[in-house]
Every structure is written in C-alpha cells, then in structure tokens.
Amino acid sequence: MSSQIDHLLDESRQFPPSDEFAASAVAKPDLYERAAADRDGFWGDQARELLHWHTPFTRVLDWSTPPFAKWFDDGELNVAYNCLDRHVEAGNGDRVALLWEGEPGDERRITYAELTDEVKRVANVLESFGVGAGDRVAIYLPMIPEAVASMLAVARLGAIHSVVFGGFSAESLRSRIDDAGAKVVITADGGYRKGKVSPLKPAVDQALSDDRFGEQQTVEHVLVVKRGENEVDWVEGRDVWWHDVVPAASAEHVAEPFPAENPLFILYTSGTTGKPKGILHTSGGYLTQAAYTHRNVFDLKPESDVYWCTADIGWITGHSYVTYGPLANGATQVLYEGTPDTPHPGRWWEIIQKYGVSIFYTAPTAIRSFMKTGRAIPQKFDLSSIRVLGSVGEPINPEAWMWYREVIGSGSAPIVDTWWQTETGAIMVSPLPGVTATKPGSAQVPLPGISIDVVDESGEEVGNGNGGLLVITEPWPSMLRGIWGDPERYKETYWEKFEKQGYYFAGDGARLDADGDLWLLGRVDDVMNVSGHRLSTAEIESSLVAHEATAEAAVVGASDETTGQAVVAFVIIKESYLAAHDPAGLATQLRSWVGEQIGAIARPRDVYIVGELPKTRSGKIMRRLLRDVAEGREVGDTTTLADTAVMSIISAQVK
Ligand code: WT7
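In full-length UniProt numbering, the protein residues as written are 1 to 655.
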C-alpha cells in the first residue's frame with residue numbers, strides 16, 4: 001500500500017470537464033453556493049424537489065440531542081411510492097426500470113408500471129404473513145428483479161428490511177436474523193454464479209434449524225423465488241413459493257404515508273470488534289440524499305440515460321445506487337445477476353454494448369483485475385455510449401484511474417471517485433461531472449451540503465498539504481440513525497473520539513493537497529478493505545479460534561495488487577491438537593473453515609502457521625509487524641515487543 005500511496009501523492013494531472021459537458025450538466029457550480037449560504041434550507045429544497053411528501057415537513061433538521069439526528073421529522077412519505085407509483089402517475093409507466101440480464105443470458109425488461117404492480121402484490125403477500133410497520137424482513141436473494149421488488153415491498157409497508165449478501169454463510173445469516181428479530185425471510189432456491197447454480201435456500205434452512213445455533217424464535221415464513229431450479233427441502237406451513245402467491249395476489253395496494261424518521265433498513269457491516277453492527281437508516285433523509293447524489297454525481301438524465309451499478313444489493317452501494325437512488329429518480333438501469341467473467345472475460349463490456357449503458361459505476365478492484373487481463377478484451381466491444389464513470393469502495397490508484405478513463409471511458413468520460421460508507425448512507429465526497437476538474441486518485445471535494453474536514457488526533461484542522469483523520473463536521477440527511485439495539489456502541493464508535501468538537505469519526509485516514517482536495521489513505525482501525533468489502537480482523541480472528549486446532553490467531557490486511565487488501569492470518573496451533581493430528585493441510589482447512597463460518601469473501605488469502613505472535617509487554621498484538629511480514633518487507637521497529645526475537649522466528653516460519 002505504501003508504495004501506491006507515495007505514487008498517489010506525486011500525481012498532478014487534471015482533467016477539466018469539456019465545455020459541451022459542462023453546458024448540459026445537471027449540477028451547476030451554483031449548487032455549492034446555495035448549500036454554503038443556507039445548509040438546512042438547501043436540504044429542505046432538495047427534499048421537496050426530489051421527493052413526494054404526503055405530509056410536507058415544516059422543520060428540516062432537529063439536532064437537539066446529538067448524535068441522534070432527526071431530518072424532516074414532521075413530514076410523511078412512502079418510500080416505495082416515491083420509487084414507483086409517482087412515476088406511473090406522472091405518465092412514465094412505460095419507461096423501463098430494470099433491464100435485467102441473468103448470468104446464463106436470459107433477460108427481462110420491466111417497466112415502472114410492471115414493477116409497481118409486482119411490488120403491490122408482494123406487499124399484499126407480506127401483509128398476509130402479518131408484516132406491518134416496524135417489522136423486520138430478512139432478504140437473502142441473488143441479483144434478480146425480485147430482490148429489488150422485495151426491498152420496495154417491505155418499504156411500502158413501513159417495515160424494515162435487512163438484506164444479507166448471498167455470499168454469507170448460514171451462520172452469518174442466522175446471527176443477522178436473530179439480531180434484527182426477523183419475522184420473514186425472502187430467498188431463492190439458488191442463483192447463477194460462475195456458470196452454475198449457487199444454492200441459497202439450503203443456507204436458510206440451516207440457519208433456521210441447525211442445532212448449533214439454538215432454537216430459532218422469530219421467523220414465521222420463508223418466501224422462496226424459483227430461480228436456480230435446484231432441489232430444495234421444504235418445511236410445510238413455513239415455506240411458500242413466490243410463484244404460488246405473488247402472481248395470485250391483488251395488484252391493488254395503497255401506499256400509506258409514514259413519518260420521515262420511520263426506519264427503512266438495517267444493514268450489517270464489520271467493525272473493529274467480532275460482532276457485525278446493524279447500521280440503521282430511516283426514510284426521508286436517506287431517500288433525499290440517495291436521490292440527490294444519484295442525480296448530481298452521475299449527471300443523470302432519466303429520459304435518455306442507461307445506468308448501471310455493478311454492486312450487489314447485499315451491500316450499501318446496492319441499496320443506495322441500485323434500488324433507492326435510481327428508482328426515486330425514475331432512471332432506467334441494468335441489473336446483472338452474475339460474475340464479470342462468465343461465460344467469457346468480456347461479459348461486462350458486452351452488456352454495456354448491448355444496452356447502450358451511458359453511466360457506469362463500479363469498484364477499483366474490478367478495474368484492476370480487467371487491467372491485468374488486458375485492454376484487448378474491452379476493446380472488442382463498442383463502449384461509445386459511456387459518458388460518466390464512477391468508482392467506489394476503496395482508493396483508486398492513478399494507474400487504474402487512467403486506464404478506466406482511457407479504455408472504458410474513451411479518454412473523455414469524467415470519472416467520479418465517490419467516498420462514502422455504509423454509515424453515511426449515500427455519497428459524501430466526489431467530484432461533480434461538468435463542474436470539477438478531476439484528479440486521478442483523488443475523491444476531491446465534499447458534495448454541496450456536506451461538511452468534511454481532516455483533523456489531527458486532538459481534533460485540530462491539519463490544513464492543506466497535511467494528512468490526518470477524516471471527520472464529518474455537520475449532520476447529513478442520510479446519516480445512520482444508530483446501531484440496531486445498541487445506542488451506546490453507536491456513540492462510542494463514531495462520536496466519542498471527537499466528542500468535544502461533535503465530529504463524526506469515519507475511521508479513514510486522509511490528506512488534503514495544496515488545492516484542498518481530499519486523498520483517501522485507507523482505514524486507520526482494524527478494519528480491512530478487500531475488493532471494496534469491509535472485513536473486520538477481529539471477526540476473522542474469532543472465527544479462526546473457534547476451530548478446534550487453533551490456540552491463537554492474528555489477522556492483518558496485506559496490500560494486494562488486485563483486491564486492494566487481502567486477508568492474511570497467522571495462527572498458533574494447540575499442542576494438544578498437534579499431538580493427535582497430522583498438521584499437513586491444516587492451513588487449507590482453516591481457510592475453508594473461515595469461508596464456511598463467515599462467507600467466501602472472508603476466506604484468508606494466506607494462513608501461516610507460526611509458533612508465536614508479536615506482542616507488546618501489555619499483551620497487545622502488533623499487527624503492523626505482521627503486515628510487514630505478509631507484504632514481504634523488512635520488519636519495522638520491534639523495540640516495544642515483549643520478546644524482540646519473536647519476529648525473526650516468525651519470518652523464518654513464514655518462508
Ligand atoms: C469504507 C466504507 C461506500 C460503499 C462501499 C463500501 C472505503 C469507500 C472509497 C473511496 C477511498 C473508500 C473507506 C470507507 N471507501 N469509498 N472512493 N476512496 N476509500 O462501503 O463497506 O461501508 O466501507 O470503504 O475506507 O470507510 P463500506
């Protein structure tokens with residue numbers, strides 16, 4: 001990572017927008033002035049312009065009990081109505097909402113009128129299961145239109161969804177179901193991944209009935225979409241096929257208004273401890289900022305653009321920039337089920353050509369892996385429809401940025417490098433295409449209406465030319481409203497560090513260049529970023545020590561050319577285990593163990609079996625030194641170790 005960063009700080013190229021682009025851009029420079037002149041007034045205008053309110057709000061922000069914010073709080077709206085019915089009522093029912101492409105090549109075009117009907121039917125089905133405002137529904141689905149419809153049906157009822165990424169294990173699913181107390185699970189038999197059906201329903205069955213997890217208390221129904229056609233077990237009375245009940249349900253359903261602060265979803269994300277946090281988002285403020293950012297950051301022209309965000313709905317990017325932002329704005333978007341290289345390495349570019357995608361939003365890790373396979377592959381396809389490119393999830397190195405611009409964006413499409421988090425709900429820092437002169441590798445400036453700073457440990461501004469910690473200095477509409485069931489952890493994690501100043505601590509290091517542009521430098525806590533996905537060192541360590549062979553484990557994020565960071569584990573094996581077992585193949589076993597326990601994304605790239613771990617005199621593991629080993633560097637300063645010889649032993653064992 002450090003060589004990448006050195007490189008990044010030398011970067012001085014700039015790409016101003018063309019006059020033509022600037023002239024027809026959605027966002028104009030005056031947006032910054034309007035927001036600076038009256039922040040609350042600006043957000044109030046956005047909320048009124050972008051959304052339909054059943055009951056108009058009279059107050060924009062209530063920040064009387066920080067860090068618990070209320071936005072637009074006496075207003076009422078229905079989130080699903082905003083994403084669906086109102087577009088139909090405005091005469092846009094025939095506009096395509098979803099251009100869905102299955103991995104095997106099957107396709108479905110779904111208009112706003114059709115999606116509205118489908119969501120009304122699903123809402124009626126969920127109501128028949130007893131789901132109402134405030135109830136929790138877990139969604140564990142592949143990237144199929146039913147996933148989007150399910151989220152919106154839950155939202156329509158004022159209920160709360162908890163989408164669990166389909167790559168997570170039965171155990172991860174169960175802990176999320178329990179934490180939220182979900183009443184219903186929506187899943188599929190399976191979905192297509194890498195050319196074959198990857199089953200989902202068996203994981204739901206296991207999550208709900210495996211003895212290891214104890215008796216399950218809350219789930220009454222499992223609604224199952226048929227997608228993979230794989231064999232599934234069936235629990236009579238609990239399980240219901242989607243195709244048996246949804247088409248038969250009524251397509252009449254009135255969208256009731258709910259208060260702006262009604263919870264919309266919980267989304268679990270890794271933190272510095274072993275237990276994932278249920279990040280809570282609410283309705284009015286979240287939808288306002290999702291719609292505002294989607295429109296301005298991507299320069300969306302809903303009548304003519306074809307938008308495609310490659311994120312899975314199991315992540316926040318899929319929530320804000322597949323489901324809520326684009327649909328609130330009446331966009332036409334591509335939804336793709338599968339992996340980028342199935343059945344051939346040009347699959348994404350083929351999809352862009354086929355649908356004439358004009359706005360494309362993806363992650364640096366994907367761009368870097370395409371760079372590796374070479375430009376000849378994308379160059380076989382016509383990508384001339386692309387006019388805006390977005391990047392999200394981790395810092396994008398200037399080399400990847402330039403490749404993205406030249407090879408995918410024909411050397412002219414502006415790139416928006418968008419910094420945000422599950423907790424921020426929507427984009428916070430990004431250039432505005434048509435306004436900002438972009439810089440390869442920099443996320444650049446806070447959006448109009450957003451206040452960001454870089455400070456030192458004591459909360460003092462570092463000023464241009466210096467590095468420090470990224471903070472958000474004013475509340476924002478789509479901010480998390482808390483951690484589900486744990487207000488104390490919410491305060492501790494985000495607000496305690498800069499309590500005096502009242503700043504939100506994001507956990508990222510950043511630097512301001514001489515122009516005041518932001519350069520993100522990665523996490524400053526024990527959180528790793530692997531392919532743009534957030535993983536906790538503590539969570540993987542606790543999974544490793546749950547294995548019978550493991551005495552102790554330490555996990556670090558080591559820099560990786562393609563995935564940004566990779567999980568590397570150092571494990572001490574129990575003497576008693578070694579006495580009774582052959583250690584050959586143990587590293588491989590431990591890798592798969594983590595995959596089964598948490599999910600394939602958490603599987604370590606390397607597991608090293610070692611005799612000791614580097615600890616300070618107070619017993620704290622010095623991950624910095626392990627990172628040196630994992631990255632093949634000379635080991636840094638070991639003077640604070642309890643036993644200074646330990647690092648040479650570890651280095652020898654790793655080789
Ligand atoms: C963390 C949040 C935001 C949706 C995807 C990830 C890193 C995110 C950028 C960017 C540098 C970035 C940060 C952040 N991150 N976007 N454009 N440049 N770093 O959401 O899983 O909540 O992770 O991702 O470290 O804190 P998430």
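Backbone N, C-alpha and C fix where the C-beta goes; we use that ideal spot for every residue, glycine too.
6 Å Cβ shell around residue i - same chain, five flanking residues per side excluded
| i | result |
| --- | --- |
| Arg121 | Val246, Ala249 and Ala251 |
| Gly190 | Val197, Ser198, Pro199, Leu200, Gly228 and Asn230 |
| His87 | Tyr112 and Gly330 |
| Ile359 | Phe298, Asp305, Tyr307 and Val388 |
| Phe21 | Gly434 |
| Arg489 | Ile483 |
| Asp62 | Lys70 and Asp73 |
| Gly425 | His281, Tyr286 and Ser478 |
| Thr644 | Thr638 |
| Ser18 | none |
| Gln14 | Ala437 and Lys439 |
Contacts around residue i, its chain only, beta-carbon distance under 7 Å, and the 5 residues preceding and following it disregarded
| i | result |
| --- | --- |
| Ser528 | Looking at the sequence shown, residue 528 is not Ser but Met. Around Met528: Leu535, Thr537, Gly557, Gln565 and Val567. |
| Glu596 | Ser169 |
| Arg59 | Asp73 and Asp74 |
| Met1 | With a pLDDT of only 40 at Met1, under the threshold of 50, the placement of this residue in the model should not be trusted, and no figure is reported. |
| Tyr292 | Gln46 and Leu50 |
| Leu115 | Leu84, Ala97, Leu98 and Ala149 |
Closest by C-alpha distance to residue i, when choosing among the options
| i | options | result |
| --- | --- | --- |
| Glu474 | Ser18, Asp40 and Ala510 | Asp40 |
| Ile649 | Val610, Glu631 and Leu641 | Val610 |
| Ile352 | Asp305, Gly314, Ile313 and Ser391 | Asp305 |
| Ile450 | Ala35, Ser12 and Val607 | Ala35 |
| Ala549 | Glu457, Leu578, Lys491 and His533 | Leu578 |
| Asp606 | Phe570, Thr638 and Trp593 | Phe570 |
| Asp637 | Pro67, Met647 and Thr436 | Met647 |
| Ile572 | Leu327, Val545 and Asp456 | Val545 |
| Ala80 | Ala587, Ile377, Lys655 and Ala153 | Ala153 |
| Gly271 | Thr588, Thr493 and Val594 | Thr493 |
| Pro340 | Pro378, Ala426 and Val322 | Pro378 |
| Leu641 | Ala630, Arg627, Gly619 and Arg633 | Gly619 |
| Trp53 | Glu171, Pro257 and Ala138 | Pro257 |
| Arg156 | Glu575, Trp349 and Val131 | Val131 |
| Tyr324 | Phe265, Lys372, Ala363 and Glu103 | Phe265 |
Where residue i sits in the DSSP three-state scheme
| i | result |
| --- | --- |
| Gln421 | coil |
| Ile144 | coil |
| Ser2 | At Ser2, the pLDDT of 42 sits below 50, so the modelled position is not reliable and the matter cannot be decided from this model. |
| Arg136 | strand |
| Gly166 | coil |
| Met647 | helix |
| Lys372 | helix |
| Gln379 | helix |
| Phe21 | helix |
| Asn464 | coil |
| His294 | helix |
| Trp476 | coil |
| Phe15 | strand |
| Met528 | strand |
| residue 660 | Residue 660 lies beyond the residue range present for the chain, which begins at 1 and ends at 655; the question has no answer from this structure. |
| Arg481 | coil |
| Thr537 | helix |
| Ser391 | strand |
| Arg121 | helix |
| Gly191 | strand |
| Gly181 | coil |
Own chain partners of residue i with C-beta closer than 8 Å, once the 5 adjacent residues on each side are dropped
| i | result |
| --- | --- |
| Phe454 | The question names Phe, yet the displayed sequence has Val at residue 454. Excluding positions up to five away in sequence, the list reads Glu461, Val462, Asn466, Gly467, Gly468, Leu469, Leu470, Val471, Ala510, Arg511, Leu512 and Leu518. |
| Val357 | Val306, Tyr307, Trp308, Val334, Ile351, Ser385 and Ile386 |
| Arg109 | Val96, Leu98, Leu99 and Trp100 |
| Gly441 | Leu8, Glu11, Pro395, Ile396, Asn397, Pro398, Trp401, Asp417 and Trp519 |
| Asp94 | Thr111, Tyr112 and Ala113 |
9 Å Cβ cutoff, residue i in contact with chain B
| i | result |
| --- | --- |
| Trp315 | Within the model displayed, chain B is absent; a lone protein chain is all it includes. |
Check: residue i C-beta below 8 Å from any heavy atom of the ligand NAD
| i | result |
| --- | --- |
| Ala602 | The ligand NAD is absent from the structure shown, which contains only the ligand WT7. |
Can you list the beta strand (DSSP E) stretches of 3 or more residues lying completely in the segment 194 to 275, in chain order?
196 to 199, 221 to 225, 239 to 241 and 263 to 269
Given 8 Å as the limit, is there contact between the segment 347 to 367 and the segment 396 to 403, that is, 3 or more CB pairs closer than that?
yes
Note down, one range per segment and in chain order, each beta strand (DSSP E) of at least 3 residues found wholly within the segment 487 to 521.
504 to 512
Taking only runs that begin and end inside the segment 67 to 113, name each unbroken alpha helix (DSSP H) of 4 or more residues, in chain order.
79 to 83
In the segment 402 to 460, which residue ranges form an unbroken beta strand (DSSP E) of at least 3 residues, counting only runs that do not cross its ends?
415 to 418 and 452 to 455
I want to know whether the segment 475 to 484 touches the segment 273 to 289 - three or more CB-CB distances under 8 Å.
yes
In the segment 311 to 338, which residue ranges form an unbroken beta strand (DSSP E) of at least 3 residues, counting only runs that do not cross its ends?
332 to 336
At a cut of 8 Å, does the segment 162 to 179 reach the segment 205 to 218 through at least three beta carbon pairs?
yes
Where in the UniProt domain "AMP-binding enzyme C-terminal" (539 to 620) do unbroken runs of the alpha helix (DSSP H), each at least 4 residues long, occur, reported from the N-terminal end onward?
575 to 580 and 586 to 597
Beta strand (DSSP E) segments (min. 3 residues) lying fully within the segment 340 to 371
359 to 362
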